[in-house]
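Participant: Got a structure for you, questions after.
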Amino acid sequence: MKRSLQLIVAAAAMAFGASVVAQSVPELNFTANADIVTLPAYGEVAGVATNSSGHIFVLARTGEPRATLGHERTFYHGGSQLFQFDQNGRFVREIGQETYGMTYAQQVRVDRQDNVWVVDAGSNMLTAFDSNGWFVKTMGRKPESIPVRPGPGMPARLLDPEPEPAGGRGRGASGPPGAGTQSESFNRPSDVAFDSTGNIYIADGIGTNNRIAVYNRDGNWVRGWGQTGSNEGQFDEIRGLVIDAVNNVYVADSGNNRIQVFDSQGTFKSQITGIGSPQAICMTGGPTQYLFSSNSNDPEGMENGEIYKVSLSGQVLGKFGRAGKVPGEFGMVNSLDCRTETDLFVGEVWNWRVTKVTLR
Amino acid sequence: MRVLSAVVVGLLLSAAPSMAQPAAARATTPEIPFDSVDFLKMPEGLYMGEAIGVATNSTGNVFVITRSGTSRVFEFDSNGNFVKEFGKGSYGYGFAHAVRVDYEDNVWSVDEGSNVVLKYAPDGKLLMVLGKRPDPIDQLDRMPGAAPYSGANRPYSFHRPTDVTWDMQGNIFITDGYTDSRVVKYDKNGRFIKSVGTRGNGVNQFSTPHGMTADREGNVYVADRGNRRIVVLDNDLNWKTTYENVGAPWGICVSQSTPQYIYSTNSSGTNLEVGNAADTGEIYKLALDGTVLGRFGKAGKGLKEFASTHTLDCRDPNTVFVAEINAWRVQKATLRSPSR
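If you're matching them up, the sequences are chains W and P in order. Numbered according to the working numbering, the first sequence spans residues 3 to 362. Numbered according to the working numbering, the second sequence spans residues 25 to 364.
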């Protein structure tokens, strides 16, 4: 039996914690339900998303990735799990258990066909499942083995330093920084979005690649753009990616404290500022679409934490919430889902929970 | 949020050969038209994972070895319905490499993580263990990532073995592998007879012997991937010849028809770099004497495209089962007559 804990947070109580630039932004009233789902295994909630029938998908870091001893190489596996709940928050099933790309959860999204996409920054893979949990597709691939440092009492012993010839050893996990490398060599991918023709856009990501990579619905390469930097079309830690109804692409360029807007070909159009550092973003449905963007706190502080509502032209319309631990406060928000402009699901890394927010 | 970066930086990736130039036969070979289905049906809550090996038995059942959390071996009927799993949670599973079915329909798994080759009866009973899983504590001082080439050449232990095949007398041949570089022959009872090969690109040398098959005469065909050649050995492992115009052979099979045919895949790398993928992905059909008869397929993720093909099965020469690493699937390709 689930406790129902509804909190009313008054706008006037939110005097501290908001960033300076946002002080003129009106506060939005909201209620928060931090008990909408109960996870079968507890851990950091990296992603939350809903499908067209209201089912809730939660991607959580439920354990550390495990290295396996007793081999000539060190493999790693495990660490994250994906859970499905119905529209009332009742547990339905686990999806993707024991598969190759579930090591360090980063994000989960649902496409227009209700496929569920797991973005995993530990394996550098994306894995898609359909709404019944059946496997659909992967993008990228987990490295087959990892180097492990020798420790005390564990000296490195290289029997034969001769390098392996071509065919005996593969490439590194990441491509060159930026430049839209035509490959699926992701470096800590962070998000995925879909345009009206079914093309797959991958935010790559929070490693060193700083690019957007686009693939067709089969998963074959189409185009890419971006590199590390602070100019137009350059990125510093991409933490989110959403696409509007006319296929404009919104990129949460967190290190540059802005959301950049591109057309579907990657041509820069505009940027949105005044929202702090966008750590998680979502796009509403409906005839008039809105963006929500979270200026999440970092792991060592309770500064910021507010979530902004923004028009697609870049006007900051309002904000709500602050960083904290108790229900109704937000701790390191890593994921937002907003099918409508009144109902949001918030995934919190710090607080190991999903909060359902209703705006009034 | 940045806790794992140390794990992710500087990773050693999968084995992928140099693909600087297309296969010599690519431009001159007739294209074989084909249809394909992605037909294996997994039970709820069970996932294909990376399709690493595929094989069929005499009744058309399909066996797949996959990489998930660890290795798993699944059996399906000829319609793709799930039948059972072989050796779930076995100590011989760590990092899958191949599954094969011998002339008596026994099922063999080759695992490059545990260095163990397992033989199962058709009902799933374990019949033979070849190789020994290394002592995990002994492995601790080898933990800086990938093991180097060993050249150990031991009679009863392997170093990342890659494939297994048999002759009509039941003798067992094993390609071993990534960190040894040889072919090993055992009798049908698992007694060591002979091994041949060191690392290199000359005669009696291999660079990642990645797959293997044998014809009815007992000749052995080794997919010498790093050297971009198929090596033909006789039944006593004497060097006969090489076929060098079909790219880098990742997987190889011989049909059970008369005459017999070889299929060999010039697979795309596991990262699907488009610049390389344009010159890879196709599967070649050869006569036993090495004459290239045709090719089909290309690199990609769609149906009738192949995403890092790992192994092939071609019991029926016009029905080729293709196990793909990056698409987590097995395609059943039905070949038609070559177009000219």
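Cβ coordinates follow ideal geometry from the N, Cα and C atoms, glycine included. These figures come from a predicted structure and were not determined experimentally.
Please confirm whether Phe237/W has its beta-carbon closer than 8 Å to some beta-carbon of chain P.
Facilitator: With 8 Å as the cut-off, Phe237/W does not count as an interface residue toward chain P.
Participant: Measure from the C-beta of Asn85/P to each C-beta in chain W and report whether the shortest distance is under 8 Å.
Facilitator: For Asn85/P, the answer is no, since every Cβ of chain W falls outside 8 Å of its Cβ.
Participant: By the criterion of Cβ-Cβ separation under 7 Å, what are the contact partners of Thr101/W in chain P?
Facilitator: Near Thr101/W (Cβ distances below 7 Å), the residues of chain P are Tyr71, Gly73 and Ser92.
Participant: Just to confirm my understanding: we take Ser272/W, look at its own chain, exclude 5 residues before and 5 after, and list those with CB closer than 7 Å. What are they?
Facilitator: The answer, listed in chain order, is Val263 and Gly316.
Participant: Kindly list, in the order they appear in chain P, the residues whose Cβ is closer than 8 Å to that of Arg260/W.
Facilitator: By Cβ distance, chain P contributes nothing, its closest Cβ being about 19 Å from Arg260/W, past 8 Å.
Participant: Mind listing the chain W neighbours of His183/P? Cutoff is C-beta to C-beta under 8 Å, in chain order.
Facilitator: Per Cβ cutoff of 8 Å: Glu74.
Participant: Leaving out five residues before and five after Pro336/W in sequence, what residues of the same chain have Cβ atoms less than 6 Å from its Cβ?
Facilitator: Reading off the sequence, residue 336/W comes out as Asn, not Pro. Result list for Asn336/W: Ala48, Ala282, Gly349 and Val351, in chain order.
Participant: Measure from the alpha carbon of Pro233/P to the alpha carbon of each residue in Val208/P, Tyr202/P and Gly226/P, then state which is nearest.
Facilitator: Comparing Cα positions, the closest option is Tyr202/P.
Participant: Using alpha carbons as the reference points, say which of Gly287/W, Thr290/W, Pro145/W and Asp206/W lies closest to Ile256/W.
Facilitator: Residue identity check: residue 256/W is Ser in the sequence provided, not Ile. Taking only the C-alpha atoms, the option nearest Ser256/W is Asp206/W.
Participant: Find the nearest neighbour of Gly214/P within the set Gln193/P, Gly224/P, Asn225/P and Gly73/P, judged by alpha-carbon distance.
Facilitator: Checked all of Gln193/P, Gly224/P, Asn225/P and Gly73/P; the closest Cα to Gly214/P is Gln193/P.
Participant: At 7 Å on the CB atoms, spell out the chain P contacts of Ser187/W, in chain order.
Facilitator: What Ser187/W touches in chain P: Asn295.
Participant: By alpha-carbon positions, which one of Arg362/W, Thr269/W, Asp113/W and Ser82/W ends up nearest to Gly320/W?
Facilitator: For the residues Arg362/W, Thr269/W, Asp113/W and Ser82/W, the minimum Cα distance to Gly320/W belongs to Arg362/W.
Participant: Can at least three beta-carbon pairs, one atom from the stretch 82 to 102 of chain W and one from the stretch 132 to 151 of chain P, be found at a separation below 8 Å?
Facilitator: Output reads no: the stretch 132 to 151 of chain P does not touch the stretch 82 to 102 of chain W.
Participant: Report the rounded CA-to-CA distance for Asn243/P versus Ile196/P, giving the unit in angstroms.
Facilitator: Rounded to the nearest angstrom, the two C-alpha atoms are 12 Å apart.
Participant: Could you name the residues of chain W that Asn290/P contacts, counting a contact when the two beta carbons are closer than 7 Å?
Facilitator: Going along chain W, no residue has its Cβ under 7 Å from Asn290/P, so there is no contact; the nearest lies around 13 Å.
Participant: May I have the straight-line CA-CA distance separating Asn297/W from Ser192/W, to the nearest angstrom?
Facilitator: Rounded to whole angstroms, Asn297/W to Ser192/W spans 16 Å at the Cα level.
Participant: In the DSSP assignment, find the unbroken beta strand (DSSP E) run with Asn35/W in it and report its ends.
Facilitator: Taken as a continuous stretch (DSSP letters only), the beta strand (DSSP E) holding Asn35/W covers Phe32 to Asn35.
Participant: Given a cut-off of 8 Å, decide if Leu359/P and Phe58/P are closer than it, judged by their beta-carbon atoms.
Facilitator: A contact, by the Cβ cut-off of 8 Å.
Participant: For a contact meaning CB atoms closer than 8 Å, what does Gly135/W contact in chain P?
Facilitator: Neighbours of Gly135/W on chain P, chain order: Glu68 and Gly69.
Participant: Starting from Lys311/W, follow its DSSP beta bridges and name the residues at the other end.
Facilitator: Bridge partners of Lys311/W: Phe294/W and Gly320/W.
Participant: Taking buried to mean at least 16 other C-beta atoms within 10 Å of its own C-beta, is Asn353/W buried or exposed?
Facilitator: Buried, because 16 or more other Cβ atoms sit within 10 Å of the Cβ of Asn353/W.
Participant: Which class does Ser231/P belong to by DSSP, given the choice of helix, strand or coil?
Facilitator: Looking at Ser231/P - three-state DSSP - the assignment turns out to be coil, as it is neither helix nor strand.
Participant: Suppose you measure from the CA of Arg260/W to the CA of Asp238/W; what does that come to, to the nearest Å?
Facilitator: Roughly 10 Å separates the two Cα atoms.
Participant: Run through DSSP, which three-state label would Asn251/P get?
Facilitator: Helix, per DSSP.
Participant: Just reading off the beta strand (DSSP E) that His79/W is part of, what are its end residues?
Facilitator: Phe77 to His79 is the extent of the beta strand (DSSP E) around His79/W.
Participant: Are Arg241/W and Gln229/W closer than 8 Å when you measure CB to CB?
Facilitator: Taking 8 Å as the Cβ cut-off, Arg241/W and Gln229/W do not qualify as a contacting pair.
Participant: Between the stretch 178 to 185 of chain P and the stretch 143 to 162 of chain P, can you find at least three pairs of beta-carbon atoms closer than 8 Å?
Facilitator: Verdict: yes, contact present.
Participant: Short of 9 Å Cβ to Cβ, which residues in the stretch 244 to 255 of chain W face chain P?
Facilitator: Correct list: empty, as no residue qualifies.
Participant: Beta carbons nearer than 7 Å to chain W: which residues of the stretch 316 to 327 of chain P have them?
Facilitator: Cβ contacts with chain W come from Gly324, Lys325 and Gly326.
Participant: For Gly142/W, name the three-state secondary structure that DSSP assigns.
Facilitator: Correct three-state label for Gly142/W: strand.
Participant: Compare the C-beta of Arg143/W against all C-beta atoms of chain P and say whether one is closer than 8 Å.
Facilitator: Chain P, which has a Cβ nearer than 8 Å to the Cβ of Arg143/W, makes this yes.
Participant: For Asn105/P, does the three-state DSSP call read helix, strand or coil?
Facilitator: Here Asn105/P sits in strand by DSSP.
Participant: Between which two residues does the beta strand (DSSP E) carrying Asp135/P extend?
Facilitator: Unbroken beta strand (DSSP E) run through Asp135/P: Val131 to Asp135.
Participant: Report yes or no: do three or more beta-carbon pairs, one from the stretch 48 to 57 of chain P and one from the stretch 93 to 107 of chain P, lie closer than 8 Å?
Facilitator: Contact fails: fewer than three Cβ-Cβ distances are below 8 Å.
Participant: Rounded C-beta distance between Val112/W and Val50/W? I'm assuming under 8 Å.
Facilitator: Not confirmed; about 10 Å, so no contact.
Participant: Determine the burial state of Thr173/P: buried for a count of at least 16 other Cβ atoms within 10 Å of its Cβ, exposed for fewer.
Facilitator: Per the sequence presented here, residue 173/P reads as Tyr, with Thr not at that position. Classification of Tyr173/P: buried, given that the 10 Å Cβ count is 16 or more.
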